[in-house]
Amino acid sequence: MNEKQDALDRLMTAELSRRNFMKMSALAGIAASVGGVVTLDFLSPSNARAAKPFNFALMADHHTMGPKNNYMKLRCERAVQEMNKLNPQPDFIMSLGDHVHDGSDEQMKFFDELFAPLKTKVKYITGEHDWYLDMGDSYQKHFGKTTYSWDQNGVHFIALNTVHLRDFWTARGLSAEERMGIAGTLNHPLPGPFHVGEKQLGWLRDDLAKVKKSTPIIIFSHSPLYYYYKAWNFWTEDAPEVHLLLEGYEQVQVIHGHVHHIVKNRIGNINFDSSLSLGWPHPYPTSGLPAGSPQMPRANPANIYGGLGWETNRVGEDGGVDMNYREWSREKV
117 MNEKQDALDR
127 LMTAELSRRN
137 FMKMSALAGI
147 AASVGGVVTL
157 DFLSPSNARA
167 AKPFNFALMA
177 DHHTMGPKNN
187 YMKLRCERAV
197 QEMNKLNPQP
207 DFIMSLGDHV
217 HDGSDEQMKF
227 FDELFAPLKT
237 KVKYITGEHD
247 WYLDMGDSYQ
257 KHFGKTTYSW
267 DQNGVHFIAL
277 NTVHLRDFWT
287 ARGLSAEERM
297 GIAGTLNHPL
307 PGPFHVGEKQ
317 LGWLRDDLAK
327 VKKSTPIIIF
337 SHSPLYYYYK
347 AWNFWTEDAP
357 EVHLLLEGYE
367 QVQVIHGHVH
377 HIVKNRIGNI
387 NFDSSLSLGW
397 PHPYPTSGLP
407 AGSPQMPRAN
417 PANIYGGLGW
427 ETNRVGEDGG
437 VDMNYREWSR
447 EKV
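The numbering used here puts the last residue of the sequence shown at 449; the count rises by one with no breaks.
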């Protein structure tokens, strides 16, 4: 077996015992929580240091549908009101993709109007629902580039497009709407798994070459950058290639959307955290949940805010992230 394949196998089969996972995670009692703010620390000891602690907020998987679905509108408006009440305001807000449901320019205009009142600047990454109607034209017009990085307070941030799919539409002569419908179906067998892609892997390699091993790294991704549950495409096929590029860095955190529930993992030197959804909650799959990960209680379908929410996050001096899950109850803002 060659060295590269051995490294891939080691990374993807790495699994912590529940006891060790819980020790490192210092997980709070998420199963008992049905609303409010829940803080889950998922940090590992390191020598990495950020210049100074700071805050950022997260939101994900809004799935806005324009005026045809008022529930989505109400949830987004609630998020805006709550974020605007934060004092101090976060340094930035990251939106983790699937801002709209059907990828249309009209839906993206509607999204822009909903979130225009936010006081804090928003950064974006794309989800599959934003992309496959017009292959990202509307997304890039409204939200900008899909792959970028920046340095802030001693932390190196990376935003990736992790929803690349193989071309399943051209040979079949599918329309844009058919392509979007298939790409956006959770368990459709035709598209196969997501990819980061060779071009973006090359960009990431070049970007990381400029970053010291002691610098904390936080990566934003729509899909989980590991193998979670393939039947629902909670899966990024070339995630092991990303893991290899990140080997040797002292503090690495990947934060993703797509799964619509809280899940945590650790593989090698990388911590993984998901974001809550603003659109709807997904149940947990019957297999694949990382050992020791918390599980949210099943949402009450009578509660239009049940199982949903967003996050405020504190970056500490070591560059690790305290995820503060603002899981909603029926209480008013």
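C-beta: ideal position from N, C-alpha, C; glycine also.
**Report entry** Reference G270; option with closest CA among M224, V327, M251
**Finding:** Here residue 270 refers to the residue found at position 154 of the sequence shown. Comparing alpha carbon positions, the residue from M224, V327, M251 closest to G270 is V327.
Query raised in the report: What do you reckon, are the CB atoms on G213 and H338 nearer than 7 Å?
Result: For the purposes of this step, residue 213 is taken as the residue at position 97 of the sequence shown. For the purposes of this step, residue 338 is taken as the residue at position 222 of the sequence shown. Between G213 and H338, the CB-CB gap stays under 7 Å.
Query raised in the report: For W426 versus A195, is the C-beta spacing smaller than 7 Å?
Result: The residue given as residue 426 occupies position 310 in the sequence shown. The residue given as residue 195 occupies position 79 in the sequence shown. In contact: W426 and A195 (Cβ atoms closer than 7 Å).
Requested in this report: Kindly indicate the opening and closing residues of the beta strand (DSSP E) around K239.
Outcome: As a working mapping, residue 239 is identified with position 123 in the sequence shown. Segment 238-240, the beta strand (DSSP E) holding K239.
Query - Identity of the residue in G408, G313, W396 nearest C192 by Cα - result: Walking along the sequence shown from the start, residue 192 turns up at place 76. Residue W396 is the option with its Cα nearest to C192.
Query raised in the report: If we count the other Cβ atoms within 10 Å of its Cβ and call it buried at 16 or more, is Q102 buried or exposed?
Result: Only positions 117 to 449 of the chain appear in this structure, which leaves residue 102 out of reach.
**Report entry** Through-space distance from W285 to V358, alpha-carbon basis
**Finding:** Against the sequence shown, residue 358 aligns to sequence position 242. Against the sequence shown, residue 285 aligns to sequence position 169. Whole-angstrom Cα-Cα distance: 27 Å.
Report task. Label S391 either buried or exposed according to how many other C-beta atoms from any shown protein chain fall within 10 Å of its C-beta, with 16 as the threshold for buried. Result -> Here residue 391 corresponds to residue number 275 of the sequence shown, with the count starting at 1. Under this definition S391 is a buried residue.
Query raised in the report: Is the beta carbon of T263 less than 7 Å from the beta carbon of V216?
Result: For the purposes of this step, residue 263 is identified with residue 147 of the sequence shown, where counting begins at 1. For the purposes of this step, residue 216 is identified with residue 100 of the sequence shown, where counting begins at 1. Not a contact, by the Cβ cut-off of 7 Å.
Query raised in the report: Among G318, I333, P332, which has the Cα closest to the Cα of D354?
Result: Position 238 of the sequence shown, counted from the first residue, corresponds to residue 354. Selected option, being the one with the closest Cα: G318.
Query raised in the report: For K346, which of R288, N303, V370 has the nearest alpha-carbon?
Result: As a first step, residue 346 must be located in the sequence shown, where it is residue number 230. Of the candidates R288, N303, V370, the one whose C-alpha sits nearest the C-alpha of K346 is N303.
Report task. Determine the contact status of A176 and S409, defining contact as a CB-CB distance below 7 Å. Result -> Locating residue 176 in the sequence shown gives position 60, counting from the first residue. Locating residue 409 in the sequence shown gives position 293, counting from the first residue. Not a contact, by the Cβ cut-off of 7 Å.
Query - Same chain only: Cβ atoms within 6 Å of L341, ignoring 5 sequence neighbours per side - result: Against the sequence shown, residue 341 aligns to sequence position 225. Excluding positions up to five away in sequence, the list reads T352, A355, V358, V370.
Query - For F170, the first and last residue of its enclosing beta strand (DSSP E) - result: Taking the sequence shown and counting its residues from 1, one reaches residue 170 at position 54. For F170, the uninterrupted beta strand (DSSP E) run begins and ends at 170-175, by DSSP.
Requested in this report: Return the first residue and the last residue of the alpha helix (DSSP H) that Q483 is part of.
Outcome: Since the displayed the chain opens at 117 and closes at 449, residue 483 lies outside it and no answer follows.
Requested in this report: Put K257 into one of helix, strand or coil per three-state DSSP.
Outcome: Walking along the sequence shown from the start, residue 257 turns up at place 141. Helix.
Query - Q256 versus E363 - alpha carbon distance - result: Along the sequence shown, read from residue 1 onward, the residue named residue 256 stands at position 140. Along the sequence shown, read from residue 1 onward, the residue named residue 363 stands at position 247. Rounded to the nearest whole angstrom, the CA to CA distance from Q256 to E363 is 31 Å.
Query raised in the report: Among residues of its own chain, excluding the 5 on either side of M412, which ones have a beta-carbon nearer than 7 Å to its beta-carbon?
Result: Start at 1 with the first residue of the sequence shown, and residue 412 comes out as number 296. Counting only Cβ-Cβ distances below 7 Å, and skipping sequence neighbours, we find I146, H377, I378, G423.
Query raised in the report: How would you label P204, buried or exposed, when you count the other beta carbons within 10 angstroms and need 16 or more for buried?
Result: Mapped onto the sequence shown, residue 204 falls at position 88. The residue is exposed, with fewer than 16 neighbouring Cβ atoms inside 10 Å.
**Report entry** Proximal residues to G182 (C-beta, below 7 Å), its chain only, five neighbours per side dropped
**Finding:** By 1-based counting over the sequence shown, the position of residue 182 is 66. The answer, listed in chain order, is E222, Q223, F226.
Query - Distance between beta carbons of N200 and L528, contact taken as under 8 Å - result: Lying outside 117 to 449, the shown extent of the chain, residue 528 is not represented and no answer is given.
Query raised in the report: What's the call for T331, buried or exposed, on a 16-neighbour Cβ count within 10 Å?
Result: As a first step, residue 331 is located in the sequence shown; it is residue number 215 there, counting from the start. Classification of T331: buried, given that the 10 Å Cβ count is 16 or more.
Query raised in the report: At what residue ranges does the stretch 213-297 contain a whole run of the beta strand (DSSP E), taking only runs of 3 or more?
Result: As far as the stretch 213-297 is concerned, its whole beta strand (DSSP E) runs of at least 3 residues are 238-240, 264-268, 271-275.
Query raised in the report: Going along the chain, which residues of its own chain have a beta-carbon closer than 8 Å to the beta-carbon of P401, five neighbours each way excluded?
Result: Here residue 401 is taken as the residue at index 285 of the sequence shown, counted from 1. Spatial neighbours of P401 in its own chain (CB-CB distance under 8 Å, excluding positions within 5 residues in sequence) are listed in chain order as Y344, Y345, A347, W348, F350.
Query - Range covered by the beta strand (DSSP E) that runs through K380 - result: Here residue 380 refers to the residue found at position 264 when the sequence shown is read from its first residue. First-last of the beta strand (DSSP E) with K380: 380-383.
**Report entry** Pairwise C-alpha distance: E294 and V375
**Finding:** Stepping through the sequence shown from its first residue, residue 375 is reached at position 259. Stepping through the sequence shown from its first residue, residue 294 is reached at position 178. Distance between V375 and E294, taken at the CA atoms: about 23 Å.
Report task. Determine the burial state of W247: buried for a count of at least 16 other Cβ atoms within 10 Å of its Cβ, exposed for fewer. Result -> Along the sequence shown, one-based indexing puts residue 247 at 131. W247 is classed as buried because its beta carbon has at least 16 other beta carbons within 10 Å across all chains shown.
Requested in this report: Report yes if the CB atom of V238 is closer than 7 Å to the CB atom of S265, and no otherwise.
Outcome: Looking up residue 238 in the sequence shown gives position 122. Looking up residue 265 in the sequence shown gives position 149. Taking 7 Å as the Cβ cut-off, V238 and S265 do not qualify as a contacting pair.
Report task. Select from R442, M439, R430 the residue whose C-alpha is nearest the C-alpha of H169. Result -> For this step, residue 169 is matched to residue 53 along the sequence shown. Looking at the sequence itself, residue 169 is Pro, so the reference to His does not match. Per the C-alpha coordinates, the member of R442, M439, R430 positioned closest to P169 is R430.
Query raised in the report: Going along the chain, which unbroken runs of the beta strand (DSSP E) with 3 or more residues stay wholly within the stretch 337-377?
Result: Here the runs fully enclosed are 343-345, 368-372.
Query raised in the report: K261 to D253, Cα distance in whole Å?
Result: As a working note, residue 261 is residue 145 in the sequence shown. As a working note, residue 253 is residue 137 in the sequence shown. Spanning the two alpha carbons is a distance of roughly 10 Å.
Query raised in the report: For I209 versus F336, is the C-beta spacing smaller than 7 Å?
Result: Locating residue 209 in the sequence shown gives position 93, counting from the first residue. Locating residue 336 in the sequence shown gives position 220, counting from the first residue. Not a contact, by the Cβ cut-off of 7 Å.
Query raised in the report: Thinking C-beta only, is M188 closer than 7 Å to L249?
Result: The residue labelled residue 249 in the question sits at position 133 within the sequence shown. The residue labelled residue 188 in the question sits at position 72 within the sequence shown. Not a contact, by the Cβ cut-off of 7 Å.
Requested in this report: Identify the continuous beta strand (DSSP E) that holds G318 and give its terminal residues.
Outcome: Mapped onto the sequence shown, residue 318 falls at position 202. G318 -> not in any beta strand (DSSP E); alpha helix (DSSP H) instead, spanning 314-324.
Requested in this report: Going by DSSP, name the residue or residues bridged to P183.
Outcome: Working through the sequence shown from its first residue, we reach residue 183 at position 67. Answer by DSSP bridge pairing, in chain order: M181.
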